[in-house]
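Trainee: Pasting a structure below so you can have a look.
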Amino acid sequence: MNKHPDLSELDAFAAVARHRSFRKAADERGVSASALSHALRALEARLGVRLLNRTTRSVTPTEAGHQLLATLGPTLQQVADALAQLTSMQEVPAGKLRLNVARPAARAVFAKVLAPFVARYPRIQLDLVTDDGLTDIVDEGFDAGVRFGESLAGDMIAVPVGPPQSFVTVASQAYLGTQGIVQAPRDLLDHACIARRFPSGKLYAWEYQADGQPIRLSVTGPLILEDDGLMIQAAKDGAGIAYVYEELVRDDIRNGQLTELLAQWKAPPSRFFLYYPSRRHVPPALKALIEFIRADDWRT
832 MNKHPDLSEL DAFAAVARHR SFRKAADERG VSASALSHAL RALEARLGVR
882 LLNRTTRSVT PTEAGHQLLA TLGPTLQQVA DALAQLTSMQ EVPAGKLRLN
932 VARPAARAVF AKVLAPFVAR YPRIQLDLVT DDGLTDIVDE GFDAGVRFGE
982 SLAGDMIAVP VGPPQSFVTV ASQAYLGTQG IVQAPRDLLD HACIARRFPS
1032 GKLYAWEYQA DGQPIRLSVT GPLILEDDGL MIQAAKDGAG IAYVYEELVR
1082 DDIRNGQLTE LLAQWKAPPS RFFLYYPSRR HVPPALKALI EFIRADDWRT
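For the sequence shown, our numbering assigns the number 832 to the initial residue and increments by one for each residue that follows.
So this is what it looks like as structure tokens:
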């Protein structure tokens, strides 16, 4: 009689030990709990050692079971990852891809990505949620998120999305004609500024740079908003000075609806990043999006 268990038997033991339940392990593997229990008793008999302590209420690994699981776990994961990688190479990317994207990134970058991406991958359903909060994408069931680099947790894999993004200070000629020109950042403290509020309730301090040194200003004014579109429209209507992403107002500056202020004081640009949990196997749909973004031909 062969005393060496095969890989499926070891994988079955690992599933039961991990879940500490025959029922949950059986559901995961698509078999009955009684069949799984019988298989594990046969494995213990073959090895000549008890691997699991069973009661009517619980299943826990014995000391021998703990030692076996600690050795098996990484090896079984490597085998699963290798098989998944091989499978994904043969698959046409398909299924739902859930993204949590900061609203400015959705407008400045993803608005240009959506149509060419779904045209190239018609079997992928892109479910994009715009959200400026620091959402835990793992807990909330998202495949990936998009944020500024400084907002990312250290255990995430990050891929740059789109060109570097700068903030610009803008106002309408109507506003400047009545309130005067802004010549330096601190002049903003005497002007009607359209403040930006984070989902946390905190107001964003406008950022500038002089001689390589950062300047942060807590501005005030008649409006506190959290949507770039509203900020831009309010600035066009003469309600005050806005501090918004340059990509979103480039055409308005070009056609004269808005005037850029303090250009020589601009803070260095930042990047948006698509990020996802560190893991060996990336789902085919997410892998397709990453490769599509990296190719950068969607911008032509």
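In this text, a Cβ means the ideal position worked out from N, Cα and C, and glycines have one as well. Being a predicted model, the structure only gives us computed values, none of them experimental.
Note down the Cα distance separating L841 from T886, rounded to an integer number of angstroms.
Mentor: Whole-angstrom Cα-Cα distance: 21 Å.
Trainee: Report the start-end ranges of each alpha helix (DSSP H) in the stretch 1051 to 1131 that is 4 residues or longer and not cut off at the edges.
Mentor: Correct list: 1059 to 1067, 1077 to 1085, 1115 to 1126.
Trainee: Return helix, strand or coil for D967, following the three-state DSSP convention.
Mentor: Reduced to three states, the DSSP call for D967 is coil.
Trainee: Closest to P836 by CA distance: which of A873, P1045, A1065 is it?
Mentor: Per the Cα distances, A873.
Trainee: Does the stretch 1056 to 1074 come close enough to the stretch 932 to 940 that 3 or more CB-CB pairs lie under 8 Å?
Mentor: Taking 8 Å as the limit for Cβ pairs, the verdict is that the stretch 1056 to 1074 does touch the stretch 932 to 940.
Trainee: Could you work out which residue in A843, A876, V960 is closest to G861 when comparing CA atoms only?
Mentor: Nearest of A843, A876, V960 to G861, Cα basis: A843.
Trainee: Sort V977, L957, K943 by Cα distance to A933 and report the nearest one.
Mentor: For the residues V977, L957, K943, the minimum Cα distance to A933 belongs to V977.
Trainee: CB A1065 to CB R1047, shorter than 8 Å?
Mentor: In this structure, R1047 does not lie closer than 8 Å to A1065 by Cβ.
Trainee: Between the stretch 1087 to 1098 and the stretch 1000 to 1018, do three or more beta carbon pairs fall short of 8 Å?
Mentor: Segments in contact, yes.
Trainee: Mapping the DSSP letters down to three states, classify A1015 as helix, strand or coil.
Mentor: In the structure shown, A1015 sits in coil (DSSP, three-state: anything other than H, G, I, E or B).
Trainee: For the alpha helix (DSSP H) that contains L878, what are its first and last residues?
Mentor: Where L878 is concerned, the enclosing alpha helix (DSSP H) stretches over 864 to 878.
Trainee: Considering only the alpha carbon of each residue, which of A1041, P1108, R888, G1087 lies closest to P1099?
Mentor: With distances taken between Cα atoms, P1099 lies closest to A1041.
Trainee: DSSP three-state call for T1009: helix, strand or coil?
Mentor: Helix.
Trainee: Any idea what DSSP makes of P924, helix, strand or coil?
Mentor: The answer is coil: DSSP assigns P924 none of H, G, I, E or B.
Trainee: Going by the DSSP bridge assignment, what does D958 pair with across the sheet?
Mentor: Partner(s): R929.
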